[in-house]
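Comments concern the structure below.
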Amino acid sequence: RCAEQVIGIHRPTLTLVYLPHLDYDLQRFGPVFSGLDGALGEVDKVVGDIITAARARDMEVVVLSEYGITEVSSSIPINRALRETGLLKVHRARNGELLDPGASEAFALSDHQVAHVYVRREENRASVKRLVEELPGVEEVLDEDGKRIHGLDHARSGDLVAVAEAGRWFDYYYWLEESGAPDFSRTVDIHRKPGYDPLELVLDPSKPLHKPRLGLKRLAAMAGFRTLMDCVPLDTGLVGG
Numbered sequence: 026r027c028a029e030q031v032i033g034i035h036r037p038t039l040t041l042v043y044l045p046h047l048d049y050d051l052q053r054f055g056p057v058f059s060g061l062d063g064a065l066g067e068v069d070k071v072v073g074d075i076i077t078a079a080r081a082r083d084m085e086v087v088v089l090s091e092y093g094i095t096e097v098s099s100s101i102p103i104n105r106a107l108r109e110t111g112l113l114k115v116h117r118a119r120n121g122e123l124l125d126p127g128a129s130e131a132f133a134l135s136d137h138q139v140a141h142v143y144v145r146r147e148e149n150r151a152s153v154k155r156l157v158e159e160l161p162g163v164e165e166v167l168d169e170d171g172k173r174i175h176g177l178d179h180a181r182s183g184d185l186v187a188v189a190e191a192g193r194w195f196d197y198y199y200w201l202e203e204s205g206a207p208d209f210s211r212t213v214d215i216h217r218k219p220g221y222d223p224l225e226l227v228l229d230p231s232k233p234l235h236k237p238r239l240g241l242k243r244l245a246a247m248a249g250f251r252t253l254m255d256c257v258p259l260d261t262g263l264v265g266g
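Mind the numbering: the sequence shown is residues 26 to 266 in my numbering, read in order.
Pasting the structure below:
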């Protein structure tokens with residue numbers, strides 16, 4: 026409805042509309058699940074309404090898929106591997122262990138099926154590349170030449186770019202024990218997590234009565250108390266796509 030109103034009121038020269046119907050659920054449950062027909066029906070109706078509104082104003086419509094989603098089975102703990110070898114450093118705070126990029130010789134910024142690995146010293150890149158290549162689930166690791174071939178040689182790209190095998194993905198977790206997980210790991214917090222966290226799309230199944238719990242937390246926040254909407258699970262096996 027917002028997109029239709031913007032088109033009708035402001036008549037912009039370019040309007041970008043994101044429809045999450047076939048994104049969120051497919052990441053939660055995988056590309057085949059019981060509610061797929063319903064999701065397809067919903068997005069079909071929404072797309073139809075937007076196309077009708079746009080064409081009524083002589084606008085050209087492009088329906089574009091940003092990416093495909095395939096079934097996944099398990100994640101690759103790339104940052105934990107870097108920490109276990111002493112390359113990744115953390116510092117301990119009241120809210121748990123925090124990644125310390127400045128003190129780390131190498132750390133990864135995970136983005137689902139790819140991970141950008143930043144290596145502090147150029148002379149360590151080859152050894153870090155070998156380490157990451159040996160992790161189960163890693164298909165390949167791109168160095169400068171590989172990044173150039175794939176069009177990923179941006180100034181802010183990682184020194185290395187790791188690519189997961191089909192059915193695998195990179196989590197951002199860097200703590201070795203769950204007790205060390207920072208408080209924001211169980212919340213929706215895209216700015217403090219070193220990477221994309223698809224588990225933000227999932228409510229923790231180990232915690233019952235989500236709506237009453239979150240409602241009480243919301244009331245506490247409105248009353249001025251510091252509280253965390255800690256409903257995000259840490260079980261990477263819950264991600265389906």
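Glycine included, every Cβ here is placed at the ideal spot set by N, Cα and C.
Alpha carbon to alpha carbon, what distance is there between I94 and H137?
11 Å
Quick one: what does DSSP say D196 is sitting in, helix, strand or coil?
coil
Measuring straight from C-alpha to C-alpha, what distance separates L167 and R82?
46 Å
Can you tell me whether V31 is helix, strand or coil according to DSSP?
helix
Pair within 8 Å by beta-carbon distance, L224 and P258
yes
Looking at A133: is its Cβ nearer than 8 Å to the Cβ of N104?
yes
Can you grab the Cα-Cα spacing for the pair A246 / Y197, in whole Å?
28 Å
Which of the three DSSP states, helix, strand or coil, is assigned to H179?
coil
Chain-order list of residues whose beta-carbon lies under 6 Å from that of L313 (same chain, five-residue window excluded)
Residue 313 is absent from the structure shown; the chain starts at 26 and stops at 266.
In the DSSP assignment, find the unbroken alpha helix (DSSP H) run with F54 in it and report its ends.
Y49 to F54
Are at least three pairs of beta-carbons, each pair with one atom in the region 186–204 and one in the region 96–110, less than 8 Å apart?
yes
So if DSSP puts D136 in a beta bridge, which residue, or which two residues, is it bridged to?
V139
CB contact below 8 Å: Q138 versus chain B
Absence of chain B from the displayed structure is noted, only one protein chain being present.
E189 bridges to which residues according to DSSP?
The displayed chain sequence assigns Ala, not Glu, to residue 189. V163, per the DSSP bridge assignment.
Taking 8 Å as the threshold, find out whether the region 118–126 comes into contact with the region 197–216 through three or more Cβ pairs.
yes
For V157, tell me which candidate among L239, V139, I174 and L177 has the shortest Cα-Cα distance.
V139
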